[in-house]
Every structure is written in structure tokens, then in C-alpha cells.
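Asker: Encoded as C-alpha cells, here's the structure I'll be asking about.
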Amino acid sequence: MSGGDGAGARRGDRRFVFAYALAFAAIVLFTASPIILAAIASAIATNAGCALNEGNIHPCIIAGEDWGSTLYTMAMMGWLAIATIQIGAMAFAFWFAALVVHGVVLLLRRGRSRN
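Here it is in C-alpha cells:
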């Protein structure tokens, strides 16, 4: 095995890790985005001293403008978590299966190339 082959394998490993890490980050971001939006809306409403609940849109004046409707919409995005958590779990299962299969294939290729 020459030095060039080892460098190419390491470069391939980095691409392998980066691609799967990027896909994992996208799955986590997609899954958690409704919860993140609801948490941000709650934090903004709390800091502005505004009421925020699921029952009604309450006025929330921030910097001279009413943000109540926007905060209410952001808070209601939390309900999307019912769907995104399930979709994210399925995406994670496919991601993990692809990771394992890809890893096994890479290990088998390395084992054959050494023999």
C-alpha cells in the first residue's frame, strides 16, 4: 500500500464523516425546528411581558409594533412537532441504516484491497 492510497482513503473517510454528520444535523434541525420556534416565541413574549397561550392572540407591543400574531403563529408551530418528531425518527432510522451499510461496505473494500 503506497502513501498515496492512504491519503486517498483518509480523504474519503473525511467526506464520509462530513456527509453523514451534515445529514444528521439536517435531520435534527428539521425534527426540532417547531420546538425551537415555540421556545423562541415564548422567550420573546416573556421578555416583553406579553401573554402567550394557545387560546387567543394577545397584543404584544415590541418596539412600537404589535408582534402578538407573529408570536402566536410561532408558538403554534410547536404542534408541528407531532409530525416532525415521527418523520425525524424515520429519517434517523434510514440514516443509521445507510451509515451502517456504508461503513460495512467500506470495511469490506479495505479488507479486500489489503489482501
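Letter 2 of the sequence shown, counting from 1, is numbered 11 in my numbering, and no numbers are missing.
Cβ atoms here follow ideal geometry from the backbone N, Cα and C, with glycine treated the same way.
Model, not experiment: these values are computed from the prediction.
What did DSSP end up calling isoleucine 71 once you bin it into helix, strand or coil?
Answerer: It is a strand residue.
Asker: Taking the straight line between their C-alpha atoms, what separation do you get for isoleucine 144 and serine 42?
Answerer: Given that the chain is displayed from residue 10 to residue 124, the structure contains no residue 144 and the question cannot be resolved.
Asker: Quick one: grab the DSSP three-state call for tryptophan 76.
Answerer: If DSSP states are grouped into helix, strand and coil, tryptophan 76 belongs with coil.
Asker: Determine whether the beta carbon atoms of serine 51 and alanine 84 lie at a separation below 8 Å.
Answerer: Taking 8 Å as the Cβ cut-off, serine 51 and alanine 84 qualify as a contacting pair.
Asker: When the distance is taken between beta carbons, is tryptophan 104 closer than 8 Å to isoleucine 49?
Answerer: No, they are not a contact pair.
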